[in-house]
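To get the working numbering, take the position in the sequence shown, counting from 1, and add 148.
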Amino acid sequence: MGAQGYRVIYGSRDPGRDAVRELVQRSGPNASAVSQPEAASQAPVVVLAVPGEVVVEVAGTLGDLGGKVVIDVSGGEKRVAPDGYQELTSDLARAEVIQARHPTMRVVRINLPNIVYFMDPLLTKTRATVFVAGNDPKARETVANILFDLGVDPWDAGPVRFARLFDAFNTLASIPAQQRRAEGYQVVMMPTVPFSCFFDTVQFFGYGEPAELKQLPKFPRREPAPTCEEWMRRLPPMAPPPQ
Ligand SMILES: NC(=O)c1ccc[n+]([C@@H]2O[C@H](COP(=O)([O-])OP(=O)(O)OC[C@H]3O[C@@H](n4cnc5c(N)ncnc54)[C@H](OP(=O)(O)O)[C@@H]3O)[C@@H](O)[C@H]2O)c1
């Protein structure tokens, strides 16, 4: 993040140790390291980059984070089933627990790909999609802009409860590695053809209308989105589905 011009303040339980000092040196001229609560008090955006097992506990030790954007990057709980694959454990995501315990924090959960995709976002030729979920639309927007600057593509995943889907998705995404497959797979997300260009999806699919619709976050894009006119040219006339 230092390379992208962000001021980075590492929070460490031992900010003076050699490994932390080296990390600060590698992170550009604006980087520093202090205790975890001190770092959190200085920053408007706090990344809880600690092991998942302790992230809920650590969030409660950082002082008053009211109004700050607090990012949970941890994966879900891991539990191995009798067949060797993982259990689906995501009936509650850690980010939801943090948000429930600290209602004034603006908790955002992101589904980080492996750190190598930040070192080289075009490693596999396509940028990784990173889901961004949180109850505060402006907080999601802030995080989306940071992710965009870091070279990955943010995807607006709505309120924080959708973090449970990330946990399930991570479990799914770990299967090729568990099977020790050498070949890589790429999940191409369901392309979201804007049905709204053609008919009122809320009415026809019975989705419900998001309460935040008037404050939808603006997520950055690398290329402008095709317009409705362009979609109408590309696609045959689309009838609403039968009810
Ligand atoms: N690495 C990846 O590619 C990757 C990808 C996706 C998601 N993630 C997620 O990112 C988070 C961090 O990953 P990581 O690989 O950087 O983890 P890590 O190296 O195991 O831990 C990061 C730091 O957390 C601090 N820490 C450890 N235990 C702590 C405790 N009990 N209380 C307070 N601080 C503690 C330590 O810093 P100090 O000793 O300096 O305090 C440690 O250096 C994890 O939740 C992981 O699931 C990582």
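Think of the CB as a built atom: it goes at the ideal place given N, C-alpha and C, for glycine as much as any other residue.
Among the options, nearest to residue i - alpha-carbon criterion
i: Phe-353; options: Glu-371, Ser-344, Ala-359 and Pro-324; result: Ser-344
i: Phe-310; options: Asp-239, Arg-227, Arg-155 and Ala-229; result: Asp-239
i: Pro-385; options: Gln-190, Met-149, Ala-276 and Pro-342; result: Pro-342
i: Asp-268; options: Glu-235, Ala-241, Asp-348 and Gly-299; result: Gly-299
i: Ala-151; options: Arg-165, Val-172 and Asp-166; result: Val-172
Cutoff 6 Å; reference residue i; Cβ partners in own chain excluding five residues on either side
i: Pro-307; result: Asn-283
i: Pro-253; result: First, the residue type needs correcting, since residue 253 is Met and not Pro in the sequence shown. Here the set comprises Leu-213 and Val-218.
i: Val-198; result: Val-206
i: Ala-191; result: Ile-157
i: Met-149; result: Val-156
Environment of residue i [buried if 16+ CB atoms lie within 10 Å]
i: Glu-244; result: buried
i: Val-350; result: exposed
i: Thr-209; result: exposed
i: Ala-373; result: exposed
i: Gly-211; result: exposed
i: Ala-320; result: A quick correction: the sequence has Leu, not Ala, at residue 320. Exposed.
i: Asn-262; result: exposed
i: Gln-326; result: exposed
Beta-carbon proximity list for residue i, same chain, < 8 Å, skipping 5 on both sides
i: Glu-289; result: Pro-365, Lys-366 and Phe-367
i: Ser-183; result: Gly-159, Ser-160, Arg-161 and Pro-163
i: Asp-315; result: Gly-223, Gly-224, Glu-225, Thr-237, Ser-238 and Ala-241
i: Val-335; result: Ala-321
i: Thr-274; result: Gln-334
Integer-rounded CB distance, given that residue j should sit under 8 Å from residue i
i: Ala-181; j: Val-168; result: 5 Å
i: Ser-175; j: Val-156; result: 5 Å
i: Ile-258; j: Val-204; result: Going by Cβ atoms, the distance from Ile-258 to Val-204 rounds to 16 Å, so no, they are not a contact pair.
Own chain residues within Cβ distance below 7 Å of residue i, not counting five before or after
i: Asn-293; result: Pro-368
Completely contained alpha helix (DSSP H) runs for the region 233–297, where each covers 4 or more residues: Listed in chain order, the alpha helix (DSSP H) runs fully inside the region 233–297 are 242–249, 264–267 and 285–297, counting runs of at least 4 residues.
4-residue-minimum alpha helix (DSSP H) runs that sit fully inside the region 182–213, ordered along the chain: You should have 184–190 and 200–207.
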